[in-house]
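With the sequence shown counted from 1, adding 1 to any position gets you my numbering. All remarks here apply to the structure that follows.
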Amino acid sequence: RPRPQPRPRPVSTSTTAGRATLPPRSSIPAPRQSGGLGFGGFLLGLLLIGGVLTLVGLLASGALAGLLPTFPSGGFIPSPVTPTLEVPTAAPIQGTAVPQAVVPSIIGLDKVSGVNALTTARLTPQEDPPINSDFVEVGRIIDQFPTAGQVISETSVVTYVVSLGQAAPQVVEIPDVTRQRADVATNRLQREGFVVERQEEANALDEGFVIRTSPSPGLFVPAESTVTIVVSIGNNVTMPDVFRLSEGDARARIEAAGLVIGNVEQQSRDKLGDQFDQFAPGSVVSTDPRGGARVPRGTTVNLGVRAAE
2 RPRPQPRPRP VSTSTTAGRA TLPPRSSIPA PRQSGGLGFG GFLLGLLLIG
52 GVLTLVGLLA SGALAGLLPT FPSGGFIPSP VTPTLEVPTA APIQGTAVPQ
102 AVVPSIIGLD KVSGVNALTT ARLTPQEDPP INSDFVEVGR IIDQFPTAGQ
152 VISETSVVTY VVSLGQAAPQ VVEIPDVTRQ RADVATNRLQ REGFVVERQE
202 EANALDEGFV IRTSPSPGLF VPAESTVTIV VSIGNNVTMP DVFRLSEGDA
252 RARIEAAGLV IGNVEQQSRD KLGDQFDQFA PGSVVSTDPR GGARVPRGTT
302 VNLGVRAAE
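Structure, rendered in structure tokens:
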């Protein structure tokens, strides 16, 4: 049933000091005034509806088919594919041609002339380490790269090599092989790189032993030099061949060999017969002992000399 309404409070009409007492004001809020928001909201709604209808129309017409992803049937969603960017090939730049130069020939020139020739050709010279040469004198250019006649870009590097001339020969000390057996001394010298020559000489040293060497031991000589060993033949000497020599020359050679001149026989036509005319007067026609024989030192040598007419 309806709730009973409260009775209205009686209003006092008494006055104070001749004025009537008024009832108190109620604090009722004033109603909000409606502005333009209602009409703006209406317009926004119309725009949204128009946009939705336009999007639906585009989807239906297929205009957005290439912009939206498509998925295969079955519920499998493939991983996104990273698009490959194709970089267009740049067309060659048509610029100014690089100046060219012909490489000059500098082999055989001295270093200063070679460098000047390269710089004159607008090329850049660069020196490589020098080397020895048996054919190109020291200070001359022995090699270059690129070779002469090639066409290359200006300011390109051209390398060159300067000759040091012939290499200094390696020097070796001559060992002391005196008083060694000749075969032992020869083997040692050959191992050191020397060429060995042999001579023989009568000496108080036992036969077959080295008396001395030439050059002398202790000297430094180029490798592969010749070393002569003088080998003792003991007290025996070789009778020199003085056949057909003059008597004077024969005497000198025989005495130099350590022998003694004995009897000198003048042989006439009666002695020599037909051979008499084959010899010059005073020349040796015979010796005893014969030339080349090994005889003790001090042996007496007898001579036969062609007599005068």
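Even glycine gets a Cβ: it sits at the ideal position worked out from N, Cα and C.
- Judged by DSSP in its simplified three-state form, glycine 46 adopts helix.
- A distance below 9 angstroms separates the beta carbons of glycine 293 and aspartate 242.
- Cβ atoms of glycine 194 and glutamate 174 stay farther apart than 8 angstroms, at about 11 angstroms.
- The way I'd put it, the region 158-166 does touch the region 118-127; three or more beta-carbon pairs between them come closer than 8 angstroms.
- Residue burial annotation: isoleucine 132 is exposed, with fewer than 16 other C-beta atoms found within 10 angstroms of its C-beta.
- Residue pairing from DSSP places arginine 213 in a beta bridge opposite Val231.
- Between glycine 166 and isoleucine 142, the C-beta gap is not smaller than 9 angstroms, which leaves the two residues out of contact.
- In this structure, valine 103 lies near glutamine 151, with their beta-carbon atoms less than 9 angstroms apart.
- With respect to valine 286, arginine 307 sits close: the two C-beta atoms are nearer than 9 angstroms.
- Between glycine 259 and leucine 304, the gap from beta carbon to beta carbon reaches 9 angstroms or more.
- In the DSSP assignment, glycine 115 falls within the alpha helix (DSSP H) that extends over 112-121.
- Among the bridge pairs identified by DSSP, isoleucine 142 is matched with Val163.
- Counting along the chain, alanine 258 sits inside no beta strand (DSSP E), nor does DSSP assign it H or E at all.
- Within the same chain, Cβ atoms closer than 8 angstroms to the Cβ of serine 269 are found at Phe277, Ala308, the five residues on either side in sequence being excluded.
- With 16 or more other Cβ atoms inside 10 Å of its own Cβ, threonine 300 counts as buried.
- In the structure shown, the three-state DSSP call for valine 222 is strand.
- Contact check for proline 130 against valine 162 passes: the beta carbons are separated by less than 9 angstroms.
- Residue state for valine 104 is assigned as coil, using DSSP reduced to three classes.
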